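Trainee: Protein chains in written order, with this note's numbering: chain A, 75 to 313; chain B, 333 to 485.
1. Taking Cβ positions, are residue 374 of chain B and residue 347 of chain B nearer each other than 7 Å?
2. Listing by chain order, which chain A residues have their CB less than 9 Å from the CB of residue 480 of chain B?
3. Just grab the DSSP bridge partners of residue 369 of chain B for me.
4. Against chain A, does residue 347 of chain B count as a neighbour if the rule is that its beta carbon must be under 7 Å from one of theirs?
5. Counting contacts by CB-CB distance shorter than 7 Å, is residue 341 of chain B in contact with chain A?
6. Using a Cβ-Cβ distance cut-off of 7 Å, determine whether residue 357 of chain B contacts chain A.
7. Which residues in the same chain as residue 165 of chain A place their Cβ atom closer than 6 Å to its Cβ, once the five residues preceding and following it in sequence are excluded?
8. So residue 126 of chain A is in the beta strand (DSSP E); what residue range does that whole segment cover?
9. Taking the continuous alpha helix (DSSP H) assigned at residue 305 of chain A, which residues delimit it?
10. Do residue 385 of chain B and residue 391 of chain B have their beta-carbon atoms positioned less than 7 Å apart in this structure?
11. Once you ignore the five residues that flank residue 414 of chain B on each side, which residues in its own chain have a CB closer than 8 Å to its CB?
12. Taking DSSP as the reference, what is the three-state secondary structure of residue 458 of chain B?
13. Is there a C-beta anywhere in chain A that falls below 7 Å from the one on residue 414 of chain B?
14. Would a check of beta-carbon distances place residue 409 of chain B closer than 7 Å to chain A?
15. With respect to the alpha helix (DSSP H) encompassing residue 445 of chain B, which residues constitute its N-terminal and C-terminal limits?
16. So, does the stretch 283–292 of chain A touch the stretch 435–445 of chain B, judging by three or more C-beta pairs under 8 Å?
17. Name, please, each residue of chain B whose Cβ falls closer than 7 Å to the Cβ of residue 296 of chain A.
18. Just mark residue 469 of chain B as buried or exposed, buried being the case when its beta carbon has 16 or more other beta carbons within 10 Å.
19. So, is residue 302 of chain A buried or exposed, given that buried needs 16 or more other C-beta atoms within 10 angstroms?
20. Can a CB atom of chain A be found closer than 7 Å to the CB of residue 373 of chain B?
21. Could you confirm whether any beta carbon from chain A is found closer than 7 Å to the beta carbon of residue 448 of chain B?
22. For chain B, find out if any of its Cβ atoms is closer than 7 Å to the Cβ of residue 153 of chain A; answer yes or no.
23. Around the C-beta of residue 186 of chain A, are 16 or more other C-beta atoms found within 10 angstroms, so that it is buried, or is it exposed?
24. Classify residue 389 of chain B: buried if its beta carbon has 16 or more other beta carbons within 10 angstroms, exposed otherwise.
25. Could you please give the first and the last residue of the uninterrupted alpha helix (DSSP H) stretch that includes residue 374 of chain B?
26. One question on the structure: do residue 232 of chain A and residue 142 of chain A come within less than 7 Å of each other, judged by their Cβ atoms?
27. Over what stretch of residues does the beta strand (DSSP E) that includes residue 259 of chain A continue unbroken?
28. Mind checking who residue 277 of chain A pairs with in its DSSP beta bridge?
29. Please decide whether residue 353 of chain B counts as near chain A, where near means a Cβ-Cβ distance under 7 Å.
30. Use the C-beta contact count for residue 334 of chain B: other C-beta atoms within 10 angstroms, 16 or more gives buried, fewer gives exposed.
31. Are the CB atoms of residue 430 of chain B and residue 397 of chain B nearer to each other than 7 Å?
32. Contact criterion: CB-CB distance below 7 Å. Does residue 273 of chain A meet it with respect to chain B?
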């Protein structure tokens, strides 16, 4: 792919990972929806269609996603590609996404009749879903306030040593299957940076997934004397 | 679904066993982490209070270390309201109209600012400090004092 634009700032790109760079591009695309520039109006309906959230993947020349641990500077506008697709951002859960053939600079419009392109589920899908659930259980133990679907799928999952998790399409298919089976639940939380596009979060449905609940989470310890709340009040002083 | 804003005097009950600990734990066990919120200053305020009680010997060094570790983990799992200029300005306004010291005003101001951001979601103000609960109620919050719940709940 040839680009007439200047290369990205090398110093900045050197400091970014691939997932971070993708997130920056996604934010910029989603911000486009609020642009007042009349020159952008015609492009906006394709780059940030209302009701959809842009998902960006930096890819190699052969269409495969860049390694998640790679430096963003390893993406070359001369040789590499960028893939943009969309997830519904309304309250409805996203339909399982069909496998897309990688295509340079393809800006895929949201497709209503994607069913015809559904990939055939692999025979070991049960095992894959189970592995995904184990990975999600591990992520939930990691001390995060919430698990963003995109972060889990594109940053956390690729770190695991599974046979199926190095291709973004297969990660999406397994995650979509887990959501459809009810072992992974989704919800939305507000995203202050892009209020129109809340972040999709996921959570393991332990009962459905057959993974036992964590042992009791809170273990308050005994302390002599007054309640700690009174110490805090005392330190705050009186008015 | 509501968001629970856990002010420091309430958040402390998750780490130290005192009146209200059981009620708060029972409540929060069914709440997703992304529905729990604290002010960004809360972990530091608790850290200081624990250190103070450790120095007086009212909590053992081992228990204090365990509390600090739990505090670090829970703070990371909980949504934090940054102490940004909007919070500081809201705190200043609170000090003008309510009999609150600045640390308490900062807590309520953080909850007020969060309420501005999450306008479609109810924020329940959880605290064990009566003056703060009264101020929160005056500002239209639904309030919850875990220390006032019946034992065993």
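From the three backbone atoms N, C-alpha and C, an ideal C-beta is built for every residue, glycine too. Computed from a predicted model, the values in this text were never measured in an experiment.
Mentor: By the coordinates alone:
1. Their beta carbons are not under 7 Å apart, which means residue 374 of chain B does not touch residue 347 of chain B by this criterion.
2. Against chain A, the beta carbon of residue 480 of chain B has no neighbour under 9 Å; the closest one sits roughly 12 Å away.
3. The beta-bridge partner set that DSSP reports for residue 369 of chain B consists of B:337 and B:411.
4. Answer yes: the Cβ-Cβ gap between residue 347 of chain B and chain A drops below 7 Å somewhere.
5. Yes, contact with chain A.
6. Yes - at least one Cβ of chain A is within 7 Å of the one on residue 357 of chain B.
7. Low per-residue confidence applies at residue 165 of chain A: pLDDT is 41, beneath 50, and the placement is therefore not dependable, though the value from the model is reported in the following sentence. Correct list: empty, nothing qualifies.
8. 126–133 is the extent of the beta strand (DSSP E) around residue 126 of chain A.
9. Note, residue 305 of chain A: alpha helix (DSSP H), 302–310.
10. It is a contact, given that the beta carbons lie within the stated cut-off.
11. These residues qualify, in order along the chain: 372.
12. Strand.
13. It does not: the Cβ of residue 414 of chain B has no partner Cβ on chain A nearer than 7 Å.
14. Taking 7 Å as the CB threshold, residue 409 of chain B lines the interface with chain A.
15. Counting along the chain, the alpha helix (DSSP H) containing residue 445 of chain B begins and ends at 434–449.
16. Note that the stretch 283–292 of chain A does not touch the stretch 435–445 of chain B; fewer than 3 beta-carbon pairs, one per stretch, sit closer than 8 Å.
17. Counting only Cβ-Cβ distances below 7 Å, residue 296 of chain A has contacts in chain B at 349, in chain order.
18. With fewer than 16 Cβ atoms within 10 Å of its Cβ, residue 469 of chain B is classed as exposed.
19. Result: buried.
20. No - not a single Cβ of chain A is within 7 Å of the one on residue 373 of chain B.
21. Judged by the 7 Å Cβ criterion, residue 448 of chain B is not in contact with chain A.
22. At a cut-off of 7 Å between beta carbons, residue 153 of chain A makes no contact with chain B.
23. Confidence at residue 186 of chain A is low in this model, with a pLDDT of 37, below 50, so its placement is unreliable and the value that follows should be read with caution. Note on residue 186 of chain A: under 16 other CB atoms within 10 angstroms of its CB, so exposed under the neighbour-count rule.
24. Residue 389 of chain B comes out exposed.
25. Element bounds for residue 374 of chain B: 374–387.
26. In contact: residue 232 of chain A and residue 142 of chain A (Cβ atoms closer than 7 Å).
27. Taken as a continuous stretch (DSSP letters only), the beta strand (DSSP E) holding residue 259 of chain A covers 258–263.
28. According to DSSP, residue 277 of chain A bridges with A:259.
29. By this cut-off, residue 353 of chain B is an interface position.
30. Classification for residue 334 of chain B: exposed.
31. No.
32. No, no contact with chain B.
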